[in-house]
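One structure is given here, and the rest of the page talks about it.
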Amino acid sequence: MAERTEVAPDAAPAITHRRLRVAAIGDVHASPTARGRWRDMLTEISHAADVLCLCGDLTSHGTAQEAEALAEDLRACAVPVLAVLGNHDHHCGRPEEVSRVLCDAGVKFLEDEVHEVDGVGFAGVKGFCGGFDGRMLDAFGEAAIKSFVQEVLDEALRLEHALKSLETERTVVVLHYAPVEATVKGEPEAIFPFLGCSRLAETIDRFDGIKAVFHGHAHHGTYEGRTRKGIPVFNVAAQIAKPTGKPYALLEV
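Here the sequence shown stands for residues 1 to 253, where the numbers follow full-length UniProt numbering.
Structure, rendered in structure tokens:
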């Protein structure tokens, strides 16, 4: 069961039902050789937004040293930071070290708990791949295939538990992998099944009050799409062109 906590922005006291400015970015791929790369942007976000969502691939290879480089830049951010990990953060097999370093820098991870900021609920998981709509991989055949499919089923179930634990009228979902095909278009079609899975969208569509879904992972994808229910989905990988003209997206919910 996801743990529920509340996070208040450092700015003015919370006003019930006010619009919350949410900044979101994924795939920053921090590295010790590029310290300070995101510092100015994070300072800017502190003035433009009330909360920042980091949508995975926070590091390049999943090392503590890379996480420490991002943690240094995060000192410039004065608003709450909520995050999920990405596949790059798992590469070295030590995702808990990446999480620990960033938690020490004030980041709140959504994968095992939910958070509320000024009445808006935030839930998230890394997600996984598996394909979209009628072309999703089925759990049939070899044990390796069944295990592969089970991974995204487990992620979808974790997201369901998190969303059930929220009691807010407005909710934001944070992922790394895409829940819809629309936001991975622009990538080679052959790799679509490895960029996300509709099973995540199926879970999201079962809940009311979800105002936005953010994800990363597809560096050459498309900024905006929708679930079958019509919930807006945004690919906020840093490499994607956005209405802000910046590496991050900014949305009011």
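All residues carry an ideal CB built from backbone N, CA and C; glycine is no exception. It should be emphasised that the depicted structure is a prediction, and the values quoted were computed from it without experimental measurement.
Exposed or buried, residue 140, counting other C-beta atoms within 10 Å across all chains shown (16 or more means buried)?
The count along the sequence shown starts at 1 and reaches residue 140 at position 140. Per the 10 Å Cβ criterion, exposed.
At what residues does the beta strand (DSSP E) containing residue 148 begin and finish?
Numbered from its first residue, the sequence shown carries residue 148 at position 148. First-last for residue 148: 143–165, but that is the alpha helix (DSSP H), not the beta strand (DSSP E).
Could you tell me the distance, in whole angstroms, from the CA atom of residue 214 to the CA atom of residue 170?
Here residue 214 is taken as the residue at index 214 of the sequence shown, counted from 1. Here residue 170 is taken as the residue at index 170 of the sequence shown, counted from 1. Approximately 14 Å between the Cα atoms of the pair.
Quickly, what does DSSP pair residue 52 with across the bridge? List them, please.
Residue mapping note: residue 52 aligns to position 52 of the sequence shown, counting from 1. Residue pairing by DSSP puts residue 52 in a beta bridge opposite 23 and 81.
Which one of 251, 29, 158 and 225 has the shortest CA to CA distance from residue 112?
Taking the first residue of the sequence shown as position 1, residue 112 is located at position 112. Checking every option, the nearest Cα to that of residue 112 belongs to 158.
Would you call the segment 240–251 and the segment 203–210 in contact, with 3 or more CB pairs under 8 Å?
These segments do not touch.
Do you know offhand how far residue 160's Cα is from residue 78's?
Locating residue 160 in the sequence shown gives position 160, counting from the first residue. Locating residue 78 in the sequence shown gives position 78, counting from the first residue. Computed Cα separation, rounded: 30 Å.
Within 8 Å, strictly: CB atoms of residue 29 and residue 88
As a position in the sequence shown, residue 29 is number 29, starting the count at 1. As a position in the sequence shown, residue 88 is number 88, starting the count at 1. Yes, they are a contact pair.
Could you spell out the range, first to last residue, of the alpha helix (DSSP H) harbouring residue 200?
Residue mapping note: residue 200 aligns to position 200 of the sequence shown, counting from 1. Here the alpha helix (DSSP H) through residue 200 covers 198–204.
Can you check DSSP and say which residues form a bridge with residue 226?
Sequence index remark: in the sequence shown, residue 226 carries index 226 (1-based). Paired residue(s): 232.
Limits of the beta strand (DSSP E) - the one that residue 250 falls within:
Looking up residue 250 in the sequence shown gives position 250. Counting along the chain, residue 250 sits inside the beta strand (DSSP E) bounded by residues 249–252.
For the alpha helix (DSSP H) that residue 101 lies in, which residues bound it at each end?
Indexing the sequence shown from 1 puts residue 101 at position 101. Per DSSP, residue 101 belongs to the alpha helix (DSSP H) from 95–104.
With respect to the alpha helix (DSSP H) encompassing residue 67, which residues constitute its N-terminal and C-terminal limits?
On the sequence shown, residue 67 is found 67 positions in, with the first residue counted as 1. In the DSSP assignment, residue 67 falls within the alpha helix (DSSP H) that extends over 64–74.
Does residue 183 come out as helix, strand or coil in the three-state DSSP assignment?
Locating residue 183 in the sequence shown gives position 183, counting from the first residue. If DSSP states are grouped into helix, strand and coil, residue 183 belongs with the helices.
From residue 222 to residue 239, what distance separates their C-alpha atoms?
Taking the sequence shown and counting its residues from 1, one reaches residue 222 at position 222. Taking the sequence shown and counting its residues from 1, one reaches residue 239 at position 239. One C-alpha to the other measures close to 10 Å.
Proximity below 8 Å, CB of residue 99 to CB of residue 60:
Here residue 99 refers to the residue found at position 99 when the sequence shown is read from its first residue. Here residue 60 refers to the residue found at position 60 when the sequence shown is read from its first residue. Against a cut-off of 8 Å, the Cβ pair of residue 60 and residue 99 comes out as no contact.
In the DSSP assignment, the beta strand (DSSP E) including residue 170 goes from what residue to what residue?
Taking the sequence shown and counting its residues from 1, one reaches residue 170 at position 170. Unbroken beta strand (DSSP E) run through residue 170: 170–174.
For the putative contact between residue 176 and residue 242, defined by C-beta atoms under 8 Å, what is the C-beta separation to the nearest angstrom?
Along the sequence shown, one-based indexing puts residue 176 at 176. Along the sequence shown, one-based indexing puts residue 242 at 242. Wrong, their Cβ atoms sit about 17 Å apart, outside the cutoff.
Within 8 Å, strictly: CB atoms of residue 172 and residue 22:
The residue given as residue 172 occupies position 172 in the sequence shown. The residue given as residue 22 occupies position 22 in the sequence shown. Yes; because the gap between Cβ atoms is below 8 Å, this pair is in contact.
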